[in-house]
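J.:
Residue numbers (my numbering), protein chains in the order written: chain C, 290 to 533; chain V, 175 to 950.
(1) Using a Cβ-Cβ distance under 7 Å, would residue 880 (chain V) count as near chain C?
(2) Applying the 10 Å Cβ sphere with the 16-neighbour rule, what's the burial state of residue 830 (chain V)?
(3) Kindly say whether residue 741 (chain V), judged by its beta-carbon, lies nearer than 7 Å to any beta-carbon of chain C.
(4) Pick from V:706, V:779, V:261 and V:840: whose alpha carbon is nearest that of residue 410 (chain V)?
(5) Taking a cut of 9 Å between CB atoms, which residues from the stretch 742-767 of chain V lie near chain C?
(6) Just the Cα atoms here: how many angstroms apart are residue 186 (chain V) and residue 603 (chain V)?
(7) Would you mind sorting residue 396 (chain C) into buried or exposed? The rule is 16 or more other CB atoms within 10 Å of its CB.
(8) By the criterion of Cβ-Cβ separation under 8 Å, what are the contact partners of residue 605 (chain V) in chain C?
(9) To which residues of the same chain is residue 413 (chain C) closer than 8 Å at the C-beta, ignoring the five residues directly before and after it?
(10) Flag residue 738 (chain V) as yes if its beta-carbon sits less than 7 Å from any beta-carbon of chain C, otherwise no.
(11) Should residue 476 (chain C) be labelled buried (16 or more other beta-carbon atoms within 10 Å of its own) or exposed?
(12) How would you call residue 226 (chain V), buried or exposed, if buried means at least 16 neighbouring beta carbons within 10 angstroms?
(13) Excluding sequence positions up to five away, which residues of its chain have a Cβ less than 7 Å from the Cβ of residue 583 (chain V)?
(14) Is residue 278 (chain V) closer than 7 Å to residue 266 (chain V) when the C-beta atoms are compared?
(15) Do you know offhand how far residue 729 (chain V)'s Cα is from residue 384 (chain C)'s?
(16) Taking the straight line between their C-alpha atoms, what separation do you get for residue 297 (chain V) and residue 311 (chain V)?
(17) Taking CB distances under 7 Å as the criterion, tell me whether residue 953 (chain V) reaches chain C.
(18) Hey, how far is the Cα of residue 456 (chain C) from the Cα of residue 645 (chain V)?
(19) Tell me the DSSP secondary structure of residue 182 (chain V) in three-state form.
(20) What are the boundary residues of the beta strand (DSSP E) that includes residue 312 (chain C)?
(21) If you drop the 5 nearest sequence neighbours on each side, which residues of the same chain put their C-beta closer than 8 Å to that of residue 426 (chain V)?
(22) In chain order, what residues of the stretch 398-411 of chain V put their CB closer than 9 Å to some CB of chain C?
(23) For residue 488 (chain V), which residues from the same chain have a beta carbon less than 6 Å from its beta carbon, with the 5 sequence-adjacent residues on both sides left out?
(24) Taking only three categories from DSSP, how would you classify residue 237 (chain C)?
(25) Is the beta carbon of residue 803 (chain V) closer than 7 Å to that of residue 853 (chain V)?
(26) Please report how far the alpha carbon of residue 834 (chain V) lies from the alpha carbon of residue 840 (chain V), in whole angstroms.
(27) What ranges does the alpha helix (DSSP H) occupy inside the stretch 579-634 of chain V, keeping only unbroken runs of at least 4 residues that lie completely in it?
(28) Measure from the C-beta of residue 309 (chain C) to each C-beta in chain V and report whether the shortest distance is under 7 Å.
(29) Answer yes or no: does any C-beta atom of chain D fall closer than 7 Å to that of residue 357 (chain C)?
(30) So, for residue 428 (chain V): in the same chain, excluding its five sequence neighbours on each side, which residues have a beta-carbon less than 7 Å away from its beta-carbon?
(31) What are the boundary residues of the beta strand (DSSP E) that residue 503 (chain C) is part of?
(32) Roughly how many angstroms lie between the CA atoms of residue 301 (chain V) and residue 273 (chain V), to the nearest whole one?
(33) Taking residue 375 (chain V) as part of the alpha helix (DSSP H), name the residues at either end of that continuous run.
(34) Under 7 Å between C-beta atoms, does residue 916 (chain V) make it to chain C?
(35) Return the residue from the list C:512, C:518, C:516 and C:517 that minimises the CA-CA distance to residue 528 (chain C).
(36) Go through the stretch 658-713 of chain V residue by residue and report every complete run of the beta strand (DSSP E) that reaches 3 residues or more, in order.
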């Protein structure tokens, strides 16, 4: 059970024309842990997410999921294998209700084992409850406030019963209380069956939830370690504050 | 940041030619050119006419081909310039050329103006004015609509302009425009070298003009300040405006330019072909094919594409003999080429961040019980009317004769075909401009299954028709599933045109012996539906079954998936939806419905004409009317009944000796121009007519408390809203605030019932919130 990490990014590089968005990036994520990826705007975090989930092809390097190289698999295949994600800019199904947003995913979810006879409706109800969305369940998501829509997106990702959850700035656009609620939710959902890779600007979430942090700057991983170590890293301070 | 700096330093002019480096030509393009060449060799080998190839005949054909190709180039470059600078693909480009060619004929031939004067007035004055008018009246409003609506709106415009042209200059006489400088004026030798054929000045000038225009346009777009502004506006209107560009002026200039180019092309081509709207229709798709050849952005490649089409059509009609079955083959060069090019296009990336669904009307799902109830009411009404049970003296089946019933039958057939558009376009957001081609295919299958020339036909074959049509639709969707909106529209249009030129006119498809193929009376459930009344009931029954089926489908996992796909393809893929497969399935369902509709439509017509019945415009009208009705509502199909109803109204009024202008208006204006007008209306009201009707009607229904509440709410909000620029001279509307909140990532506001108010401390508030707070 131990051999391969849940997610392993090996020497991934990405070029857009003349721009080197990612250079030789290495990263690992493990189940039962929240791994964070931080860095200034334009560092390449979202690009890396798109490469892991398959929306962008990598220029070079490999992405392994549970020991299997997934570079050539489609987005759909990867999600069926257990990679779920949310988007930095909301990509909810705006003309469906919150319930249907989650149900669409629940109907396509990956079954953990043969004993998984859960009804998509039950899973949907359960997640609506968990994300405290029950009250807005039948409202069209396009008319919900951003914070609520983000929760819908998160619940939708969870409905896939993923092994790896990629969260791209889940707190962006959220109020202080909502951010704390999301942090609590994240801590409560990690399990031996689920690892989270988190991109986040809000350091309070990152520092309070993560077990491992990677710092990305101009397409390069400049630091890696536990929260305390990262907080004291001079390179990281330089990248964030622009100090030398 | 770094990227922006880099590109700004790059020389702008090179971009046109350096777009596609030779080493990176995609596999699809290579495969398509190989396929095209093989197809061409096969066709030349099979249909060789046996004419001797001499230098003179070859050179003449080449020269004419180049001249005609140059004309296509003018159309197509105009199209590309407008697309590049406004982001709108103008399906009406060809139609504008046709209209202006007729206008030129009117001035030059009919009124006897000097050719140059007429040319100058049309190309330099009237056409640009038309362009500006179109921009102000229609195109600007398209900016904030769904992509599907943009496509439909310019198609509506095309249908409208063509119909108007046909109405003003009716097909009662042959209109011919002479070559400029006269038919015989030309040179036979250049620098003392004998050409062996006469080079007409007209054609020489045409070629020269096209080349000069292409160079001028490239220069304009990439080397001038105004060109840079034009390209900037399409990328980011707001940003361009902040940098001192006036976006509205720029887009008007682009439209004026595009419409002048179309006019010039139309006028110069007039002497080459007879001036009638049908002949000129061919131009339309030719321009699309050429523009697509240049990937809708590359001007030099567009010109190459246009010349290629000109040369191919000319050489094909010179050397090949197709016989009567494929008599329209020379005209099919452009649609076939367009189809091949569309298939060869590289796969579109799943796009992120283009969620436009906040523009979509709010949708309430029809409950199956409501659908069943509605259909039952409809059928009961038909029963009552057709049996004459209720007779107010207006409706008397005997007095009216059978004509109204006949057209009601045909209309219901069309309505069934129209239903095929609802899941495809209304829910999955895919476009198909070829519903009639699928319907015709269904009719053809039924004719094969049930037997040709039978008096009665076994209706159960309809199920097999549906089963065969579904994979046919899927087959079309396989190349299409890689593409997005516009290319899908172009591909389906090419498919429709190709089918109407090559497939349906073939004598073994729709046998034309003794005046067309006969569709016998359908026999089903032990009943022969041999009277019009019973057949009408059968069609309504079929309509009802499909509508109820669609309502169930929309509420099923498939319906959800289709809507999800439309909302965000990228997110759909990340929740495990197979995007391509989902598209293929919805196409298959749509094709099956269209095929079934085709059977009823054909039977209602009782005979079909392989040439006229499948005109592309007829198919477009179906799409336009369904969109006008409200494309996501299953009942929308019923809207197609309005055409024959109006037509009959005119007949009835005429019989009653009623007001002549009304009869004229209904027959000459509302019936031919109606679909175009109604669909254009979508620009102003994207929710569709049925939605509005439903909004008025729903509050009456006892179980629709929600509708009553919603109306009350909307009325309260509407009170203060005025038109104007958002946030400047009118307050933000609630949906705009939601949109802004999203973009700015503001969530400090909650949406309580009945309006918006500030949630917490004032310091996070914006002006928008204040404005909104004041209005509610």
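Each residue gets a CB set at the ideal place from its N, CA and C atoms; glycine is no exception.
Owing to the predicted nature of the structure, the values given are computational and were not obtained by experimental measurement.
T.: Per the coordinate set shown:
(1) Not closer than 7 Å to any Cβ of chain C, the Cβ of residue 880 (chain V) fails to qualify, so no.
(2) Around the beta carbon of residue 830 (chain V), fewer than 16 other beta carbons lie within 10 angstroms, which makes this residue exposed.
(3) Among the residues facing chain C, residue 741 (chain V) is included, as its CB has a counterpart in that chain under 7 Å away.
(4) Closest by alpha carbon: V:261.
(5) Contact annotation: in the stretch 742-767 of chain V, residues whose CB is within less than 9 Å of a CB in chain C are 742, 744, 745, 746, 747, 748, 749, 750, 751, 752, 753, 754 and 755.
(6) Any reading at residue 186 (chain V) must be qualified, since the residue scores a pLDDT of 38, below 50, and its modelled position is unreliable; the value itself is stated next. Roughly 36 Å separates the two Cα atoms.
(7) It counts as buried.
(8) Residues of chain C passing the Cβ test: none, with the nearest at roughly 17 Å.
(9) By the criterion of a C-beta distance shorter than 8 Å, residue 413 (chain C) is surrounded in its chain by 388, 391, 392, 395 and 448, once the five residues flanking it on both sides are discounted.
(10) Judged by the 7 Å Cβ criterion, residue 738 (chain V) is in contact with chain C.
(11) Looking at its Cβ environment, which holds fewer than 16 other Cβ atoms inside 10 Å, residue 476 (chain C) is exposed.
(12) It counts as exposed.
(13) Once the five neighbours on either side are set aside, the close Cβ partners of residue 583 (chain V) are 706, 709, 710, 713 and 778.
(14) The beta carbons of residue 266 (chain V) and residue 278 (chain V) sit no closer together than 7 Å.
(15) Answer to the nearest angstrom: the Cα atoms are 13 Å apart.
(16) The alpha-carbon atoms of residue 297 (chain V) and residue 311 (chain V) are separated by roughly 20 Å.
(17) Past the edges of chain V, shown from 175 to 950, lies residue 953 (chain V), and the structure says nothing about it.
(18) Rounded to whole angstroms, residue 456 (chain C) and residue 645 (chain V) show a C-alpha spacing of 39 Å.
(19) Below a pLDDT of 50, predicted positions are generally treated as unreliable, and residue 182 (chain V), at 37, falls in that range; the measurement from the model is reported next regardless. Reduced to three states, the DSSP call for residue 182 (chain V) is helix.
(20) Counting along the chain, the beta strand (DSSP E) containing residue 312 (chain C) begins and ends at 308-318.
(21) These residues qualify, in order along the chain: 305, 306, 309 and 310.
(22) Answer set for the stretch 398-411 of chain V: empty.
(23) Excluding its 5 nearest sequence neighbours in each direction, residue 488 (chain V) has C-beta neighbours in its own chain below 6 Å: 235, 238 and 239, listed in chain order.
(24) With chain C running from 290 to 533 in the structure shown, residue 237 (chain C) is simply not present.
(25) No.
(26) The C-alpha of residue 834 (chain V) lies about 10 Å from the C-alpha of residue 840 (chain V).
(27) For the stretch 579-634 of chain V, whole alpha helix (DSSP H) runs of length 4 or above, ordered along the chain, are 609-624.
(28) No, no contact with chain V.
(29) The structure shown contains no chain D; its protein chains are C and V.
(30) Closer than 7 Å at Cβ, skipping near neighbours: 255, 256, 259, 260 and 404.
(31) Where residue 503 (chain C) is concerned, the enclosing beta strand (DSSP E) stretches over 501-506.
(32) Residue 301 (chain V) and residue 273 (chain V): Cα-Cα distance of roughly 10 Å.
(33) From DSSP, the alpha helix (DSSP H) with residue 375 (chain V) extends over 375-397.
(34) It does; some Cβ of chain C falls within 7 Å.
(35) The option with the nearest alpha carbon to residue 528 (chain C) is C:512.
(36) Correct list: 695-698.
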